[in-house]
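Chemist: Under UniProt numbering, the residues of the sequence shown are numbered 1 to 446, in order.
We treat Cβ as the ideally placed atom computed from N, Cα and C, and that holds for glycine.
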Amino acid sequence: MALSLGWHIILACFGVAFPAMIFVMHLRGIRRDDPVALGLAQRWAKTSAVLFAIGAVSGTVLSFEMGLLWPGLMGTFGDVLGLPFAFEGLSFFVEAIFLGIYLYGWGRMPPRRHLLMVVPMALAGVVGTFCVISVNAWMNVPAGFRIVDGEVVDINPWRAMFNDLAVLQFLHMWIAAYMVVGFAAAGVYAAGMLRGRRDRHHRLGFVVPFVFATVAAVVQPFVGHLLGGNLGDRQPAKLAAFELAETTESPSPLRIGGIYVDGEVKGALDIPYLGSLIAQNSFTKPVRGLDTIPADEHPPINITHWAFQTMVGIGMLLMLGVLVFWFFRWRGRDLLEHQWFLRCCVAAGPLAVIALEAGWVATEVGRQPWIVYGILRTRDAVGDYSADLWWLLGSTAVVYTLLTVGAVVVLRSMTRRWRAGEAGEEDLPSPYGPHSRLVDAGEAGR
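1) Looking at residue 10: is its Cβ nearer than 9 Å to the Cβ of residue 115?
2) Within the continuous beta strand (DSSP E) that includes residue 112, where are the two ends?
3) Is it true that the stretch 378-395 meets the stretch 67-77, where meeting means three or more beta-carbon pairs spaced less than 8 Å apart?
4) Hey, would you say residue 219 sits closer than 9 Å to residue 182, going by beta carbons?
5) Check residue 275 in the structure and name its three-state DSSP category.
6) Below 8 Å on the Cβ atoms is my guess for residue 22 versus residue 53; work out the distance and round it to an integer in Å.
7) What would DSSP say about residue 270, mapped onto helix, strand or coil?
8) Which term fits residue 7, buried or exposed, when burial requires 16 or more other beta carbons within 10 angstroms of its beta carbon?
9) In whole angstroms, what is the alpha-carbon distance linking residue 401 and residue 119?
10) Which same chain residues, not among the five before or five after residue 361, have their C-beta less than 6 Å away from its C-beta?
11) What do you reckon, are the CB atoms on residue 243 and residue 305 nearer than 9 Å?
12) What is the DSSP secondary structure of residue 228, reduced to helix, strand or coil?
13) Examine the Cβ distances between the stretch 182-200 and the stretch 336-347 and report whether three or more of them are shorter than 8 Å.
14) Can you give the beta carbon distance from residue 81 to residue 126, rounded, assuming they're within the 8 Å contact cut?
15) For a test of your reading of the model: does the CB of residue 225 fall under 8 Å from any non-hydrogen atom of the ligand SAH? Yes or no.
16) Is the beta carbon of residue 55 closer than 9 Å to that of residue 15?
17) Give the DSSP bridge partners of residue 419, in chain order.
18) Looking at C-alpha atoms only, which residue of 75, 364 and 48 is the closest neighbour of residue 381?
19) Hey, residue 403 and residue 50 are a contact pair by Cβ (cut 8 Å); roughly how many whole angstroms apart?
20) Would you be able to state if there are at least three C-beta pairs under 8 Å between the stretch 365-374 and the stretch 294-305?
21) Does the separation of the CB atoms of residue 309 and residue 257 fall below 9 Å?
22) Whole angstroms are fine: how far does the CA of residue 249 sit from the CA of residue 237?
23) Which residues share a DSSP beta bridge with residue 255?
24) Consult DSSP for residue 324 and reduce its assignment to one of helix, strand or coil.
25) Which term fits residue 330, buried or exposed, when burial requires 16 or more other beta carbons within 10 angstroms of its beta carbon?
26) At the level of alpha carbons, what is the spacing between residue 95 and residue 147?
27) What alpha helix (DSSP H) runs, 4 residues minimum, are completely inside the stretch 109-173?
28) Considering just the uninterrupted stretch of the alpha helix (DSSP H) at residue 22, what are its terminal residues?
29) By a C-beta neighbour count over all protein chains shown, 10 Å radius and 16 as the cutoff for buried, is residue 151 buried or exposed?
30) In the DSSP assignment, find the beta strand (DSSP E) that holds residue 510 and state where it starts and stops.
31) Per DSSP, residue 261 forms a beta bridge with which residues?
32) Can you tell me whether residue 367 is helix, strand or coil according to DSSP?
33) Quick one: residues in its chain with C-beta nearer than 7 Å to the C-beta of residue 314, no 5 flanking neighbours on either side, listed in chain order?
34) Which residue comes first and which comes last in the alpha helix (DSSP H) that contains residue 84?
35) Kindly indicate which three-state DSSP category residue 50 falls into: helix, strand or coil?
36) With DSSP as the reference, label residue 377 as helix, strand or coil.
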């Protein structure tokens, strides 16, 4: 399940964030009669279609895994969780329908009506993501039911879907999606500029997603801080693992690095007061130590700690990078002329993906041993697949490897054809201009 989710979440980010970038680029093309912007929007839409098709396969695998691998969870709480999953399925179909209309509509619909086809596509991606994230938030703060004599009763699926963490956890993931897609897309054009392609196509293709990534990178630390509020009350073991708090200290230091071995913290760099300030919004309020929590309720401490610090460290690094770029741009210097900055931009995409994955590891591993916090332990929710587990994992790995190879081959083939079509051309013809109508008429005549 971890392999499937970790792979699929990257594609989900493109479904959430890419339509907004396509919309902005397309709108720019219409308003400024800019064929380069329209060409970029069209190419991004085709790329989005490829990723959507592959994501549909991986999402289908996940749907089967929810039922097959977690009978204790879905059998017990299926009625509680059914509503968001149903809405997620509807959102998937709406997104697919309008993506198809948008792709088919180039040169066949009035420009502004065609542009509006992106709106329901984007909204469907956001709604579908909210539905999935609300289920995960519910696992952290269960709501919308009571348990009487071992039976789940008084089910309120709306309360379960809109639980206390749903909005903030979704916002954190939504912004992370813009970081991943923004930095990844900008990195593609930065790589092109490193190879000498410094035309307007590459500069515009870099700037638009980089602006989205900038806003996301600057806002994300504040949203993450809000999401972490009261974590010490909700899940004290997770917070203790994040902070590597062996004992309760007041004030609590911020521990950078280090490992937890035999009940002791080794090799950490302590910064006084910052642990209390970041975790509790206080210079003196303590962070509850692991020694106050039963050992059978401890998460895998080192994995949780390092995943959390990886997410935060990369996030702060990316925020610093975008601030440096815009500071120098404000001062009249264009860092896109410097090879070192373009290399950093190429690296930013993979770093954003690593931060995303690390954040999910911190969230999921940090909740252990609970799958529904305080109510259902993971070992009681999972099915008994001890005999066939490695076959299941191996076959899943083969499926996702083939999907990855297929995605790379198709996207590289598309980019080669696009570059070949650009040879000797300053600008791409407008899909709504006279050129496109002449081409369509010529193809019809043939």
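Modeler: Looking at the atomic coordinates:
1) no
2) That residue, residue 112, is in no beta strand (DSSP E); its alpha helix (DSSP H) goes 111-116.
3) yes
4) no
5) helix
6) So it is not a contact: roughly 16 Å between Cβ atoms.
7) strand
8) buried
9) 32 Å
10) 307
11) yes
12) coil
13) yes
14) At roughly 20 Å, the Cβ-Cβ gap does not stay under 8 Å, so residue 81 and residue 126 are not in contact.
15) Among the components of this structure there are no ligands whatsoever, and the ligand SAH is therefore not found.
16) yes
17) Note: residue 419 sits in no beta bridge, so no partner.
18) 75
19) Not confirmed; about 11 Å, so no contact.
20) yes
21) yes
22) 15 Å
23) 270
24) helix
25) exposed
26) 37 Å
27) 111-116, 118-140 and 157-161
28) 2-31
29) exposed
30) Because the chain is modelled from 1 through 446, residue 510 falls outside the range shown and cannot be assessed.
31) 264
32) helix
33) 351, 354 and 355
34) 71-104
35) helix
36) strand
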